[in-house]
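The structure appears right after this line, and notes come after that.
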C-alpha cells in the first residue's frame, strides 16, 4: 500500500518542482483537474459527517486550508486512509473518438477564463458538479508538466494540455451531478491500483486508421500495405466500480462540433471499433446500478458491480497520471531515513522515475519488420533517452529543466515516420519481387506444357 508519508512527499515534490511549460503561439490550450482524496478505510466520515453540496465555481472561500493542516487532522494522523484519484469515463457519442475513454475532468480554454487553472475548475464544475475552487474542501496543490497534443505521428502541434492537481481536504462524499452528454460515470481509483498493484495491459490501435491520410489513394495504399499492422499502447486496467453514473445517455442528442478534431483525437482502439451499441448497453447498466444503489444499504453485496467490463487508462491521461505518480518516492528512497529533505533532492527523487515513465508511454508495433526499422532509425531517440536519464540522476545538472518530454516525443515520432517509410517501401518491393518470381515461374510452367 502506498504509505501516507510517500504521498506527502509527492505533494511536497510537486510544490517544490517548477512545471515545464510549453510556449506556442496560435495553439489551442486545454486544462484538466487531477483530483485526489483520502478515503477512510472503515467508511466512517470526518468533519461534519454529512455530504457537502458543491457551490458554484465563483463562490468565495471563507476558510482556506493548507497541506500541513490536512496532514495534521486526527483522521489523517491515524493513517487509516486510502489515497484515491478521480477519473471519469467519457459518454458514448456518435462520431466521437473519445467515446468511453477514461479521463480527468477538463476541457478547452475559453476566452472568458481567467487562466488555465480556472479552466480546469470550471470544466470540473460543468462536467461532474464538483466545485474544486472551494478552499474549505479542496486545496490546489500545483501544476504538472504541460503535454503536447499532436496530429498523427507528431507532425503538427495542435493543442497544449495543462494538468492541475487538487486535494480534497475533508473526508466528505460530495454530491455529484454528471453532465450526461459529456460524462458517463465517475470513478475513485486507489493509488495502489496505479502503482504497487497496477495491472498493465495494452490497447491495440489499427495503424492505417491511426495514420488516416487525407488522400483516398494514400488511405488505400496504407490499408493494403499495412493491413495487418497495429500499434500497441500501454494501459493500466482499472476496476469498473463507479461512484456516480449519469442519469441518462447523451448519445442520441449530441451534435459534435467539427473543428478538425479528427486531427488530434486519439485513435479508436480496435476492440472499440463497433462499440457504440456496447456503450449504449453499458449506459443502461449504469442506470440499473444507480437505481439499485438507492435501494441498497451500506455493506450489501456488490457482486453485480464486479461484472462490469474493466476500464483502461491509456494515452494522454495515462501520461500525466504517471507524471504525478513519478513524484511518489520508491520504497528504497522511503527507507533512507537520515537524508535531509530539500527541494533539490525531493525533485531528484521524482526524476528517478523518468525511465519508467518513458517505457510506459510510447507504443510498440506488432510487426517485426517495423520494429527492426524502429531500431535502425532510432539512434537519436535512444541518445536523447540516455541523456534524459543521465540528467535525472544528476541533481545539479542544468539539463534537468530542459523540456525532455517534448524533445523525446518529437524524436520518437520522427523515428516512427522514418521506420514506416522504409517498411512501406520494402513491403512494396517485396510484393513486386514476389509477383515477378511467380510470374516467371508460371511462364515456365505454361511453356513446359505448350
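Residue numbers (UniProt numbering): 1 to 450.
Every residue, glycine too, gets a C-beta built ideally from N, C-alpha and C.
All figures in this text were calculated on a predicted structure; none of them were measured in a lab.
Burial state of residue i, where buried means 16 or more other Cβ atoms lie within 10 Å
i	result
residue 326	buried
residue 527	Past the edges of the chain, shown from 1 to 450, lies residue 527, and the structure says nothing about it.
residue 216	exposed
residue 72	exposed
residue 432	exposed
residue 168	buried
residue 385	buried
residue 363	buried
residue 162	buried
residue 91	buried
Sequence-distant residues of its chain with Cβ nearer than 6 Å to residue i (five each side left out)
i	result
residue 387	none
residue 222	208, 211
residue 226	207, 208
residue 201	235, 237
residue 142	14, 15, 165
residue 140	166
residue 117	164
residue 10	327, 328
residue 199	237
residue 403	20
For residue j and residue i, the rounded distance between their alpha carbons
i	j	result
residue 127	residue 93	15 Å
residue 106	residue 328	24 Å
residue 231	residue 41	40 Å
residue 430	residue 405	37 Å
residue 75	residue 81	8 Å
residue 187	residue 88	6 Å
residue 79	residue 313	28 Å
residue 311	residue 427	36 Å
residue 77	residue 4	9 Å
residue 27	residue 108	11 Å
residue 205	residue 219	16 Å
residue 29	residue 434	49 Å
residue 245	residue 32	20 Å
residue 436	residue 228	23 Å
residue 347	residue 103	Any reading at residue 347 must be qualified, since the residue scores a pLDDT of 43, below 50, and its modelled position is unreliable; the value itself is stated next. Whole-angstrom Cα-Cα distance: 26 Å.
residue 425	residue 151	23 Å
residue 421	residue 383	22 Å
residue 172	residue 19	30 Å
residue 158	residue 440	50 Å
residue 449	residue 417	48 Å
residue 154	residue 412	9 Å
residue 445	residue 438	10 Å
residue 367	residue 203	16 Å
residue 381	residue 21	22 Å
residue 391	residue 17	15 Å
residue 241	residue 119	28 Å
Closest Cα partner of residue i within the set the options
i	options	result
residue 237	197, 413, 221, 40	197
residue 7	70, 390, 134	70
residue 35	26, 133, 78	133
residue 415	442, 365, 448	365
residue 67	144, 158, 165	165
residue 112	224, 123, 104	123
residue 175	161, 156, 380, 129	129
residue 308	445, 161, 157, 239	239
residue 410	149, 168, 367	149
residue 86	368, 194, 21, 119	194
residue 408	389, 91, 421, 158	389
residue 125	412, 172, 19, 183	183
residue 224	442, 119, 203, 423	423
Cβ distance (whole Å) where residue i is taken to contact residue j below 8 Å
i	j	result
residue 497	residue 147	The structure shown does not extend to residue 497, since the chain spans only 1 to 450, so no value can be given for it.
residue 110	residue 190	About 33 Å separates the two Cβ atoms, so there is no contact after all.
residue 24	residue 160	6 Å
residue 192	residue 323	That pair is no contact at about 18 Å.
Same chain only: Cβ atoms within 7 Å of residue i, ignoring 5 sequence neighbours per side
i	result
residue 419	370, 373, 374, 377
residue 379	none
residue 442	none
Same chain, Cβ closer than 8 Å to residue i, five either side skipped, listed in chain order
i	result
residue 55	Below a pLDDT of 50, predicted positions are generally treated as unreliable, and residue 55, at 40, falls in that range; the measurement from the model is reported next regardless. Excluding positions up to five away in sequence, the list reads 131, 134.
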